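Trainee: Residues 40 to 579, numbered by our numbering, are exactly what the sequence shown covers, in order. Don't be surprised by glycine CBs; every beta carbon is placed ideally from N, CA and C. All values reported here derive from a predicted model rather than from experimental measurement.
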Amino acid sequence: MTLRGLYADRTVRTWAFIGAFIVCCGVYEYGRILNLRPQPHHLMRQCDCLGPTYNYFIGDANLFRPWMCNLHADGDTSGESAGEFPLIYWSMGMLWRVIGQSEFAYRLFGVLLHLFGSLALFRMATRILRSTFWAGWITLIFFTSPTIVYFAISFLPDVPALDLVLIGWWSIQRYVDERSAKWLWSGAFLMGLGAMLKVTAGMSVLALFAVLLTEGLLPRKRLPVWRVFPRRMLAWAALMGAALMVFAWYAYAAHYNAAHNAPYTPNSIWPVWEMTGSEIDRAVRFASTVLVHELLPIPVWGLLLFFLVVLIRHTRRLPIQLVVLNGALLVGLVLFVIGWFQALNNHDYYFINPLIVPIALSVSMLWYFVHHHGAWMNSALTRVLAMAVLVYCVLYAAIDIDLRTHNGDHVRSENALFSKAQLQHWEDNQYWEMRPILGVTPTLRGLGIRPEDRVIVLTDHSWQNALYLMGHRGWNDFTMYFNDSAAFEHCLRNNASYLIINDPVWSERPYVQPYLAHPIGRYEEVRIFDLRPLLARAKQ
């Protein structure tokens, strides 16, 4: 085949994969979801990402001075606090300055980046497996993870971090094939950038360190003819550069938060040794009844268990680098679960980047089967069965995201594909007191309340859900204790102009009554009060 023919063939395969990806997006109703507000499943975490984006949009923050809408820092006077590297938030904020505030654009960006990440995995797997079918199949199988399907079109950095790591792995694979240093540097940089967005994405860098150490320490006769890193000093420099990127950002974030007295939970761990026995029981129960089904469909778990058994039994028939890579990732996964054990209790997005472990295991074992059992892998029966599994998993993920995003509709009490615990989980997963907040902004603007006006919002048990959804900076009862008038007076001294109440219980408290003297409007259950007449007295 001519060079032009090879290029054309590769182009056709690439577009065929993109077409399959788009079909999956259609089945998952991404066209509908693109137009939705942040959904109730992990609403707080979504608004924790949208809040800094909004602050970049309004122009009072720069890349290295991120703000939240909640003024919980500097003695409850500013929103300066940092979590993961805010590159996505800053980029979207700059885009919003051009096109206007658009959650649609943010969601679309996530989908497009995941397409590129999936395409990188497909291209890498094609090089390794020498099979377009199996490369496309394994890539699309991981696009049936309900957690990835939901968060790929959401606002969290977890799936983008995984996508950057996948593109980084594709670059590393090109380095292995072509030995061009640019691919090693770009791969290490992308993996480091992914870990800056989500520190757990750094598992890949650590696994590559393990491979590099193995190639340097084992006798030459124990290694295969080829090496992943023939130029060891170059590899050390690239991987150390990636590690330093991650360390530099999180060290800076810790310093930034300490300087502004702004603790931020995503920068810490949730270890098992800090949990009580009952907390551990709840985490294990949720993980075994809900989380396991939300990370991957059951047929995929069965396949992974089979792959793991094959890896253990046939270790001697595999390249030592492949064994070390998978072993290091598995050890990293165990350490992650121990260090973030509380995440097992309803924090599925924490496990998005650790999915690199089953991805690596799957590609490795498919390589083994393609090379040692090629006739079986190429048989029509095997491929038909594989396609049946893929179709089932796509339909499973489609129903799952339908349950996640049709909030407010009663979840069907029976579904053969889902356990009662899952159905009850989605039944309980609603906006609750945040529902009227979703639509209150036009009323606020109609009353002359400007985006730059600071507000107090009660009740909001989150960092900044209501504050972001309304488009304001201010205070809430999550980070301040509004159990006497002192908290209100502090906010007034710092230019709180309006009080917004979405829970009538606050109106019944005597110390709140003086701040309800100037009602100016309401929207559904939300009542709005003017605090400006009290500002002069509070600042005396």
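Going along the chain, which residues of its own chain have a beta-carbon closer than 7 Å to the beta-carbon of Val396, five neighbours each way excluded?
Mentor: Here residue 396 is taken as the residue at index 357 of the sequence shown, counted from 1. The residues are Leu368, Leu369, Leu372.
Trainee: Take Asp115 as the anchor and find which of Gly513, Phe286, Asn541 has the nearest alpha-carbon.
Mentor: Reading the sequence shown from its first residue, position 76 is the one you call residue 115. Checked all of Gly513, Phe286, Asn541; the closest Cα to Asp115 is Gly513.
Trainee: In angstroms with no decimal places, state the Cα-to-Cα distance between Leu344 and Phe457.
Mentor: Taking the first residue of the sequence shown as 1, we reach residue 344 at position 305. Taking the first residue of the sequence shown as 1, we reach residue 457 at position 418. Rounded to whole angstroms, Leu344 to Phe457 spans 21 Å at the Cα level.
Trainee: In chain order, what residues of the same chain have a beta carbon less than 7 Å from the beta carbon of Val428, not counting five sequence neighbours either side?
Mentor: The count along the sequence shown starts at 1 and reaches residue 428 at position 389. Hits under 7 Å: Pro338.
Trainee: DSSP on Thr41, reduced to helix/strand/coil?
Mentor: In the sequence shown, the residue the question calls residue 41 occupies position 2. Confidence in Thr41 is poor, its pLDDT being 47 and thus under 50, which makes the residue's placement too unreliable to answer from.
Trainee: Which residue from Ala191, Pro125, Tyr214, Arg443 puts its Cα closest to that of Ile391?
Mentor: Residue mapping note: residue 391 aligns to position 352 of the sequence shown, counting from 1. Of the listed residues, the one whose Cα sits closest to Ile391 is Ala191.
Trainee: Between the Cα of Leu110 and those of Ala556, Ser418, Tyr507, spot the shortest distance and give me the residue it belongs to.
Mentor: By 1-based counting over the sequence shown, the position of residue 110 is 71. Ranking Ala556, Ser418, Tyr507 by Cα distance to Leu110 puts Tyr507 first.
Trainee: Flag Val370 as yes when its Cβ comes closer than 7 Å to any non-hydrogen atom of the ligand FMN, and as no otherwise.
Mentor: Looking for the ligand FMN in the displayed structure turns up nothing, as the structure carries no ligands at all.
Trainee: Taking only the alpha-carbon atoms, compute the straight-line gap between Ala298 and Asp113 and give it to the nearest angstrom.
Mentor: Position 259 of the sequence shown, counted from the first residue, corresponds to residue 298. Position 74 of the sequence shown, counted from the first residue, corresponds to residue 113. Ala298 and Asp113: Cα-Cα distance of roughly 8 Å.
Trainee: Taking 7 Å as the limit between beta carbons, can you name the residues of its chain near Thr41, skipping five residues before and five after?
Mentor: Walking along the sequence shown from the start, residue 41 turns up at place 2. Its pLDDT being 47, under 50, Thr41 is placed unreliably in this model, and the value from its coordinates should be taken loosely. Excluding positions up to five away in sequence, the list is empty.
Trainee: Rounded to whole angstroms, what is the Cα-Cα separation between Pro543 and Arg566?
Mentor: The residue you call residue 543 lines up with position 504 of the sequence shown. The residue you call residue 566 lines up with position 527 of the sequence shown. Cα-Cα distance, rounded: 9 Å.
Trainee: For Met519, which residues of its own chain have a beta-carbon under 7 Å away from its beta-carbon, when the five flanking residues on both sides are left out?
Mentor: Locating residue 519 in the sequence shown gives position 480, counting from the first residue. If we look at Met519 and ignore the five residues flanking it on each side, its Cβ neighbours are Asp115, Ala526.
Trainee: Could you name the residues of the same chain whose beta carbon sits closer than 7 Å to that of Phe325, not counting the 5 residues immediately before and after it, in chain order?
Mentor: Residue numbering aside, residue 325 sits at position 286 when the sequence shown is read from its first letter. For Phe325, where only same-chain residues beyond five positions count, the Cβ hits under 7 Å are Leu383, Asn384, Asn385.
Trainee: Any idea what DSSP makes of Leu278, helix, strand or coil?
Mentor: The count along the sequence shown starts at 1 and reaches residue 278 at position 239. For Leu278, the three-state secondary structure derived from DSSP is helix.
Trainee: Would you list the one or two residues that DSSP bridges to Asp569?
Mentor: Position 530 of the sequence shown holds residue 569. The partner list for Asp569 (beta bridge, DSSP) reads Tyr537.
Trainee: Can you find at least 3 beta carbon pairs, one from the segment 71 to 82 and one from the segment 179 to 194, that sit closer than 8 Å?
Mentor: yes
Trainee: Whose C-alpha, out of Met272, Gly280, Glu254, Trp265, is nearest the C-alpha of Gly241?
Mentor: Residue mapping note: residue 241 aligns to position 202 of the sequence shown, counting from 1. Minimum Cα distance to Gly241 is reached at Gly280.
Trainee: State the DSSP-derived secondary structure class of Ala112, mapped to helix, strand or coil.
Mentor: Your numbering for residue 112 matches position 73 in the sequence shown. Ala112 falls in the strand class under three-state DSSP.
Trainee: Tell me whether Met272 is buried or exposed, calling it buried when 16 or more other Cβ atoms sit within 10 Å of its Cβ.
Mentor: The residue labelled residue 272 in the question sits at position 233 within the sequence shown. Flag for Met272 reads exposed.
Trainee: I need the DSSP call for Leu357, collapsed to helix, strand or coil.
Mentor: Translated into the one-based positions of the sequence shown, residue 357 becomes position 318. Three-state result, Leu357: coil.
Trainee: Rounded to whole angstroms, what is the Cα-Cα separation between Met509 and Ala276?
Mentor: Here residue 509 refers to the residue found at position 470 when the sequence shown is read from its first residue. Here residue 276 refers to the residue found at position 237 when the sequence shown is read from its first residue. Rounded to the nearest angstrom, the two C-alpha atoms are 47 Å apart.
Trainee: What do you reckon, are the CB atoms on Trp209 and Ser243 nearer than 8 Å?
Mentor: Stepping through the sequence shown from its first residue, residue 209 is reached at position 170. Stepping through the sequence shown from its first residue, residue 243 is reached at position 204. No, they are not a contact pair.
Trainee: What's the C-alpha gap between Pro336 and Asp439?
Mentor: Reading the sequence shown from its first residue, position 297 is the one you call residue 336. Reading the sequence shown from its first residue, position 400 is the one you call residue 439. Pro336 and Asp439: Cα-Cα distance of roughly 10 Å.
Trainee: Would you mind sorting Lys237 into buried or exposed? The rule is 16 or more other CB atoms within 10 Å of its CB.
Mentor: Along the sequence shown, read from residue 1 onward, the residue named residue 237 stands at position 198. Flag for Lys237 reads buried.
Trainee: In terms of residues, what are the limits of the beta strand (DSSP E) holding Arg443?
Mentor: Position 404 of the sequence shown holds residue 443. Counting along the chain, Arg443 falls outside any beta strand (DSSP E), though it belongs to the alpha helix (DSSP H) covering 419 to 444.
Trainee: Please report the straight-line C-alpha distance between Ala274 and Ala287, rounded to a whole angstrom.
Mentor: Working through the sequence shown from its first residue, we reach residue 274 at position 235. Working through the sequence shown from its first residue, we reach residue 287 at position 248. Distance between the alpha carbons of Ala274 and Ala287 is about 20 Å.
Trainee: Exposed or buried, Leu45, counting other C-beta atoms within 10 Å across all chains shown (16 or more means buried)?
Mentor: Reading the sequence shown from its first residue, position 6 is the one you call residue 45. Confidence at Leu45 is low in this model, with a pLDDT of 44, below 50, so its placement is unreliable and no value can be given for it.
Trainee: Nearest chain C C-beta to Thr239 closer than 8 Å, yes or no?
Mentor: Although the question refers to chain C, the structure presented lacks it and comprises just one protein chain.
Trainee: What are the start and end residues of the alpha helix (DSSP H) that includes Val348?
Mentor: On the sequence shown, residue 348 is found 309 positions in, with the first residue counted as 1. Per DSSP, Val348 belongs to the alpha helix (DSSP H) from 337 to 352.
Trainee: Tell me, which residues are paired with Pro558 by DSSP?
Mentor: Translated into positions along the sequence shown, residue 558 becomes position 519. Per DSSP, Phe568.
Trainee: Could you spell out the range, first to last residue, of the beta strand (DSSP E) harbouring Val267?
Mentor: Residue 267 sits at position 228 when you count from the first residue of the sequence shown. No beta strand (DSSP E) contains Val267, which DSSP labels as neither H nor E.
Trainee: Could you check the C-alpha separation between Thr421 and Met133 for me, to the nearest Å?
Mentor: In the sequence shown, counting from the first residue as 1, residue 421 sits at position 382. In the sequence shown, counting from the first residue as 1, residue 133 sits at position 94. Rounded to the nearest angstrom, the two C-alpha atoms are 49 Å apart.
Trainee: Considering only C-alpha positions, which residue in the set Val62, Pro91, Arg474 is nearest to Glu563?
Mentor: For the purposes of this step, residue 563 is taken as residue 524 along the sequence shown, with counting starting at 1. Closest option to Glu563, Cα to Cα, is Arg474.
Trainee: Is Phe375 buried or exposed, if buried means 16 or more other CB atoms sit within 10 Å of its CB?
Mentor: Counting from one through the sequence shown, the residue named residue 375 turns up at place 336. Phe375 is buried by the Cβ-count criterion.
Trainee: Quick check: what's the CA-CA separation for Ala399 versus Ile206?
Mentor: By one-based count along the sequence shown, residue 399 stands at place 360. By one-based count along the sequence shown, residue 206 stands at place 167. Between the alpha carbons of Ala399 and Ile206 lies a gap of roughly 13 Å.
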